[in-house]
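Participant: One structure, as structure tokens, below. Some questions next.
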Amino acid sequence: MTKQELGMKIREQRKLKKLTLDQLSGEAGIGKVYLGEIERGKKMPSLATFINIVNALDVSADLLLRDEVNAGKSYVLNDLTGKLEALTPRQRKTATDILYAYIQNLPREE
């Protein structure tokens, strides 16, 4: 998925929710200018920023990454993999243990 495609999907969801750039950037904890750059495809958000935007929009990540989720290695997975690879082996084990524990304890959706 390109920066432009992701930006268009974020903008589309923001407008569907009738949110302004100010409102969404405030909810996501990022700057309005930065959010505008993301929506225009000038910047690719970090994984943390992407998650903040998804949460602020109250949508699932796969809604925004629809094509990427099925494509094997999505942007989110690549970003996360890169971050994990940058850690020491001990940090990596701790991070993956936390992630596995979190996933195991997620409530089941019906």
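Positions in the sequence shown are counted from 1; adding 334 to them yields this note's numbering.
Glycine included, every Cβ here is placed at the ideal spot set by N, Cα and C.
Since we're looking at a predicted model, the values are computed, not measured.
Would you check if the stretch 335 to 343 and the stretch 367 to 387 touch, i.e. whether three or more CB-CB distances between them fall below 8 Å?
Facilitator: Touching, per the Cβ criterion.
Participant: Check for me: the alpha helix (DSSP H) holding A395 runs from which residue to which?
Facilitator: That run of the alpha helix (DSSP H) goes A395 to L398.
Participant: Could you check the C-alpha separation between A390 and A435 for me, to the nearest Å?
Facilitator: One C-alpha to the other measures close to 24 Å.
Participant: When the Cα of D356 is compared with those of D431, K366, F384 and P423, which residue comes out closest?
Facilitator: Minimum Cα distance to D356 is reached at K366.
Participant: Where Q425 and L353 are concerned, what is the direct C-alpha to C-alpha distance, given to the nearest angstrom?
Facilitator: If you take the alpha carbons of Q425 and L353, they lie about 38 Å apart.
Participant: To the nearest whole angstrom, what separates the beta carbons of L381 and K417, a pair I think is in contact under 8 Å?
Facilitator: Contact flag correct, Cβ pair sits at about 7 Å.
Participant: Under DSSP, the alpha helix (DSSP H) around E373 begins and ends at which residues?
Facilitator: Residues K366 to E373.
Participant: Can you grab the Cα-Cα spacing for the pair S394 / F384, in whole Å?
Facilitator: If I take the Cα positions, the gap works out to 11 Å.
Participant: For A362, which option in R345, A420, V388 and K349 has the closest C-alpha, if you only look at C-alpha atoms?
Facilitator: The shortest Cα separation from A362 among R345, A420, V388 and K349 belongs to V388.
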